[in-house]
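Peer 1:
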Amino acid sequence: MSVGLAGGRLSRILLRPAQPILTHHPIVGLLGVMLGALISTLTSRITTFGLADIRGAIGIGFDEGAWITTAYTVAQMLVAPAAAFLGVVFGPRRVLLVSSLTYGLAMLALPLTGTLTGVLTFQLLAGLSSGTFIPLTIGFIVRNLPPRYVVYGIAVYAMNVELSLNFAASVEGWVIEHLDWRWLFWDTALLAPLMALCVHFGMPAEPVRRDLLKDGDWWGIAYASLGFALLYAGLDQGNRLDWFNSGLITGLFLSGGLLVGAFVVQELTCPKPWITFSALFRGNIPLLCLLLVLLRLVMLSTAYLVPQFMITVNNYRALEVGDTLLLIALPQFLLAPLVGTLLRHADPRVVMAAGFAAVGLACWLASHLTADWVGADFLPSQMLQAFGQSFAMTSLIYFNIKNLSQAHILALGALLQTSRLLGGELGAAFMQTFVRVREQFHSFRLVSDVVAGGTDTVHRLAGGMARLAARSTGPEEASDRALSLLAAAVRKQAYVLAYIDGFVVIAWFIVGGLLLIALLRPAPKQ
908 MSVGLAGGRL SRILLRPAQP ILTHHPIVGL LGVMLGALIS TLTSRITTFG
958 LADIRGAIGI GFDEGAWITT AYTVAQMLVA PAAAFLGVVF GPRRVLLVSS
1008 LTYGLAMLAL PLTGTLTGVL TFQLLAGLSS GTFIPLTIGF IVRNLPPRYV
1058 VYGIAVYAMN VELSLNFAAS VEGWVIEHLD WRWLFWDTAL LAPLMALCVH
1108 FGMPAEPVRR DLLKDGDWWG IAYASLGFAL LYAGLDQGNR LDWFNSGLIT
1158 GLFLSGGLLV GAFVVQELTC PKPWITFSAL FRGNIPLLCL LLVLLRLVML
1208 STAYLVPQFM ITVNNYRALE VGDTLLLIAL PQFLLAPLVG TLLRHADPRV
1258 VMAAGFAAVG LACWLASHLT ADWVGADFLP SQMLQAFGQS FAMTSLIYFN
1308 IKNLSQAHIL ALGALLQTSR LLGGELGAAF MQTFVRVREQ FHSFRLVSDV
1358 VAGGTDTVHR LAGGMARLAA RSTGPEEASD RALSLLAAAV RKQAYVLAYI
1408 DGFVVIAWFI VGGLLLIALL RPAPKQ
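In my numbering, the protein residues as written are 908 to 1433.
1) For L1120, does the three-state DSSP call read helix, strand or coil?
2) Taking H1349 as the reference, give the member of G936, L1323 and A1394 with the closest Cα.
3) Would you kindly check if the distance between the Cβ of G1011 and the Cβ of A1099 is under 7 Å?
4) Compute the distance between the beta-carbons of I1128 and A987, then report whether it is under 7 Å.
5) What's the gap between the Cα of V1026 and the Cα of A1253?
6) Does the beta-carbon of G1154 have 16 or more other beta-carbons within 10 angstroms, so that it is buried, or is it exposed?
7) If distances are taken between C-alpha atoms only, which option among D1094, E1084, R1203 and V1078 comes closest to P1018?
8) Over what stretch of residues does the alpha helix (DSSP H) that includes C1196 continue unbroken?
9) Could you say which of G1190, D1279, F1351 and F969 lies nearest to L1426 if we only look at CA atoms?
10) Assuming I975 and T1022 make a contact with CB atoms under 8 Å, what is their CB distance in whole Å?
11) How is the alpha helix (DSSP H) around E1113 delimited, first residue to last?
12) With N1146 and A1321 assumed to form a contact (beta carbons below 8 Å), what rounded beta-carbon distance in angstroms separates them?
13) Count the other C-beta atoms from every protein chain shown that fall within 10 angstroms of the C-beta of L985, then say buried if there are 16 or more, exposed otherwise.
14) Pull up the CB-CB distance for V1057 and V1049, whole angstroms please, since I reckon it's below 8 Å.
15) Count the other CB atoms, across all protein chains shown, that sit within 10 Å of the CB of L1422; report buried if there are 16 or more and exposed otherwise.
16) Is it right to say E1346 is buried, meaning 16 or more other beta carbons lie within 10 angstroms of its own, or is it exposed?
17) Do S1297 and F1410 count as a contact pair if the criterion is CB distance below 7 Å?
18) Which residues in the same chain have their Cβ closer than 7 Å to the Cβ of G1141, if we skip the five residues on either side of it in sequence?
19) Note down, in chain order, each residue of its chain lying with its Cβ closer than 7 Å to the Cβ of F1108, except the 5 sequence neighbours on either side.
20) So K1309 is in the alpha helix (DSSP H); what residue range does that whole segment cover?
21) Does the distance from the C-beta atom of V1205 to that of P1214 stay below 7 Å?
22) Going by CA-CA distance only, name the one from M1290, A1103 and F1170 that's closest to D1124.
23) What first and last residue would you give for the alpha helix (DSSP H) that runs through N1051?
24) When the distance is taken between beta carbons, is M941 closer than 7 Å to N1051?
25) Specify, as a first and last residue, the run of the alpha helix (DSSP H) that P1018 falls within.
26) Looking at the structure shown, is N1146 part of a helix, part of a strand, or coil, going by DSSP?
27) Alpha carbon to alpha carbon, what distance is there between N1310 and C1196?
28) Quick one: using the 10 Å Cβ neighbour count with 16 as the cut-off for buried, is R1428 buried or exposed?
29) Do you know whose CA, among A1430, A1210, D1279 and Q1289, lies nearest L1303's CA?
30) On the CB-based measure, 16 or more other CB atoms within 10 Å of its CB, does D1143 come out buried or exposed?
31) Assuming G1334 contacts G1295 (C-beta within less than 8 Å), just tell me the rounded distance between them.
32) At a Cβ threshold of 7 Å, is R1203 touching chain B?
33) What first and last residue would you give for the alpha helix (DSSP H) that runs through W1271?
34) So, at 7 Å on beta carbons, what are the nonlocal neighbours of L1194 in its own chain, with the 5 sequence-adjacent residues on each side left out?
35) Mind checking P924: buried by the 16 CB within 10 Å criterion, or exposed?
36) Can you give me the Cβ contacts of V1034 inside the same chain, cut-off strictly under 8 Å, excluding the 5 residues immediately before and after it?
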């Protein structure tokens, strides 16, 4: 819904300037906003992969540490509804300069606190700062780049999201192997000054419009910000706390839902609404919103399944996991210009469908995994997925732009941020819960077969006892050890079957996405 945050009043605001202000240094400005998008995603992913090291460094348990990543992304969601409006009032250049410097200082100070309170405080501050990066990126690309660069800017933006999503495990693994946990935060902090320099020299200065502040729909901003942030927190912590069996999760969903409902009522009844729903949610836009959420759900689901399979089944370390995920990230350098050129001549819907189909085929290939698979076995599916996600993301964003007027371009930034966070969290929360439930189901089924005492089970136990007898104190210990090994094998196989189910269900999500693409109509003429 925050897609409309730049709807009613914001669209009228943006219609006033006669021409967009073009930058004289488009490559420098593009580098600045790309660094912002990279920092925003990379910080969240690195923290997720390195959470165990962070918990150990500051001496906290699993439950307390689970809120470290939540604090950062909830803060991003909190500021997302206001980001487009802030960009209109103060200009994207001023907002990004302040945000990048604030983010850098927060990430530099965070590891020095050494306490959970300090970590959470600076994570919130960093999230509020970096939450403005992505909403203003697309606005800059479309409004400030020369027209011939726009499609390539979008392709680079999509490549950037892919890189940060799949590059984080390698960064985290290398940092822990060669440095220490503090550099999990300091590495991105060092990128912030570079981003600020690029923004300063590469983005045009726009006048401050203070007259808009007094007429801002502040109640609408507050309802949307708090409502979506609470819903996101509920999704992020739901699997850990067993969803609605937890009073906290129930309260987060209930209060978040009520606030989002109040936000809708506010916009429908306010004399000067921030959003005019009828102006924004028409034509292809509702379907494109669903496709954005669906694509992000698929991306985060596969980004969860592959590393978790290798960690759970094969005991991979983060650096080894990163080597496999790089198979998705590295091809983006070649695919970005290719997709950009293709979209100049082809129908974005066709390119989008080809991308979705490639991701679905990659999931089908990955669903044939076995317990013996290692990182190299994922090469065909990961390369195909790299191709598919690049085509799907770039064409989807580009088709969004073709369906929006200049008055709604900054609204697209809010839409992308909301879809990125909510869609990704829906994917992560769903897949974590799905794998957990399917693992329990397969474990129960396999254990039932073992208890039934089949011939294969008896032979396996007898063989295990025979091999362990010489290293055991007696038959009883050898029997116990053989049973433990059998239980571990059952659990491992149950996880393999659960991950297979995960890839299959993602493939079915892709089928649903292809059906939505078939319903899209040609973009209106601008």
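We treat Cβ as the ideally placed atom computed from N, Cα and C, and that holds for glycine.
This structure is a prediction, so every number in the text was calculated from the model and none was measured.
Peer 2: The structure says:
1) As a first step, residue 1120 is located in the sequence shown; it is residue number 213 there, counting from the start. It is coil, neither helix nor strand.
2) As a position in the sequence shown, residue 1349 is number 442, starting the count at 1. The residue with the shortest Cα to Cα distance from H1349 is A1394.
3) If you number the sequence shown from 1, residue 1099 lands on position 192. If you number the sequence shown from 1, residue 1011 lands on position 104. Yes, these two residues count as a Cβ contact at 7 Å.
4) One-based indexing of the sequence shown puts residue 1128 at position 221. One-based indexing of the sequence shown puts residue 987 at position 80. Cβ atoms of I1128 and A987: not closer than 7 Å.
5) Translated into positions along the sequence shown, residue 1026 becomes position 119. Translated into positions along the sequence shown, residue 1253 becomes position 346. Cα to Cα, the separation comes out at about 48 Å.
6) Taking the sequence shown and counting its residues from 1, one reaches residue 1154 at position 247. When all chains shown are included, G1154 counts as exposed.
7) On the sequence shown, position 111 is the one that residue 1018 refers to. Cα-wise, what sits closest to P1018 is D1094.
8) Residue mapping note: residue 1196 aligns to position 289 of the sequence shown, counting from 1. Segment I1192 to N1221, the alpha helix (DSSP H) holding C1196.
9) As a working mapping, residue 1426 is identified with position 519 in the sequence shown. Cα-wise, what sits closest to L1426 is G1190.
10) Mapped onto the sequence shown, residue 975 falls at position 68. Mapped onto the sequence shown, residue 1022 falls at position 115. Incorrect: roughly 12 Å between the Cβ atoms, too far for contact.
11) Here residue 1113 refers to the residue found at position 206 when the sequence shown is read from its first residue. No alpha helix (DSSP H) contains E1113, which DSSP labels as neither H nor E.
12) By one-based count along the sequence shown, residue 1146 stands at place 239. By one-based count along the sequence shown, residue 1321 stands at place 414. The pair is not a contact, with the Cβ atoms about 27 Å apart (cut-off 8 Å).
13) Mapped onto the sequence shown, residue 985 falls at position 78. L985 is buried by the Cβ-count criterion.
14) Along the sequence shown, read from residue 1 onward, the residue named residue 1057 stands at position 150. Along the sequence shown, read from residue 1 onward, the residue named residue 1049 stands at position 142. Yes, V1057 and V1049 are in contact; Cβ-Cβ is about 6 Å, under 8 Å.
15) Here residue 1422 is taken as the residue at index 515 of the sequence shown, counted from 1. Per the 10 Å Cβ criterion, exposed.
16) Start at 1 with the first residue of the sequence shown, and residue 1346 comes out as number 439. Per the 10 Å Cβ criterion, buried.
17) Here residue 1410 refers to the residue found at position 503 when the sequence shown is read from its first residue. Here residue 1297 refers to the residue found at position 390 when the sequence shown is read from its first residue. Going by C-beta atoms, F1410 is not nearer than 7 Å to S1297.
18) On the sequence shown, position 234 is the one that residue 1141 refers to. Taken in chain order, the residues that qualify are I1156, L1159, F1160 and G1163.
19) Here residue 1108 refers to the residue found at position 201 of the sequence shown. Result list for F1108: H932 and V935, in chain order.
20) Against the sequence shown, residue 1309 aligns to sequence position 402. Element bounds for K1309: L1286 to K1309.
21) Here the question's residue 1205 lines up with position 298 in the sequence shown. Here the question's residue 1214 lines up with position 307 in the sequence shown. No.
22) Within the sequence shown, residue 1124 is the residue found at index 217, counting from 1. Closest option to D1124, Cα to Cα, is F1170.
23) Counting from 1 along the sequence shown, the entry for residue 1051 is found at position 144. F1040 to N1051 is the extent of the alpha helix (DSSP H) around N1051.
24) Mapped onto the sequence shown, residue 1051 falls at position 144. Mapped onto the sequence shown, residue 941 falls at position 34. The answer is no: Cβ separation not under 7 Å.
25) Position 111 of the sequence shown, counted from the start, is the residue given in the question as residue 1018. Its alpha helix (DSSP H) spans residues P999 to T1020.
26) Start at 1 with the first residue of the sequence shown, and residue 1146 comes out as number 239. Three-state DSSP puts N1146 in coil, outside helix and strand.
27) Counted from its first residue, the sequence shown places residue 1196 at position 289. Counted from its first residue, the sequence shown places residue 1310 at position 403. Cα-Cα distance, rounded: 12 Å.
28) Looking up residue 1428 in the sequence shown gives position 521. With fewer than 16 other Cβ atoms within 10 Å, it is exposed.
29) Walking along the sequence shown from the start, residue 1303 turns up at place 396. Closest option to L1303, Cα to Cα, is A1430.
30) Reading the sequence shown from its first residue, position 236 is the one you call residue 1143. By the neighbour-count rule (16 or more Cβ atoms within 10 Å), D1143 is buried.
31) In the sequence shown, residue 1334 corresponds to position 427, counting from 1. In the sequence shown, residue 1295 corresponds to position 388, counting from 1. That belief does not hold up - the Cβ atoms of G1334 and G1295 are roughly 16 Å apart, past 8 Å.
32) The structure shown has no chain B; it contains just one protein chain.
33) For the purposes of this step, residue 1271 is identified with residue 364 of the sequence shown, where counting begins at 1. Looking at the DSSP string, the run of the alpha helix (DSSP H) that includes W1271 is P1255 to A1273.
34) Here residue 1194 is taken as the residue at index 287 of the sequence shown, counted from 1. Excluding sequence neighbours, L1194 sits near L1423, L1426 and L1427.
35) Position 17 of the sequence shown, counted from the start, is the residue given in the question as residue 924. Residue placement at P924 is flagged as unreliable, the pLDDT there being 41, under the threshold of 50; the coordinate-derived value follows with that caveat. Counting Cβ neighbours within 10 Å, P924 comes out exposed, since fewer than 16 surround it.
36) As a working mapping, residue 1034 is identified with position 127 in the sequence shown. The residue asked about is misnamed: residue 1034 is Gly in this sequence, not Val. Cβ within range, chain order: A978, Y979, T980, V981, A982, Q983, L985 and V986.
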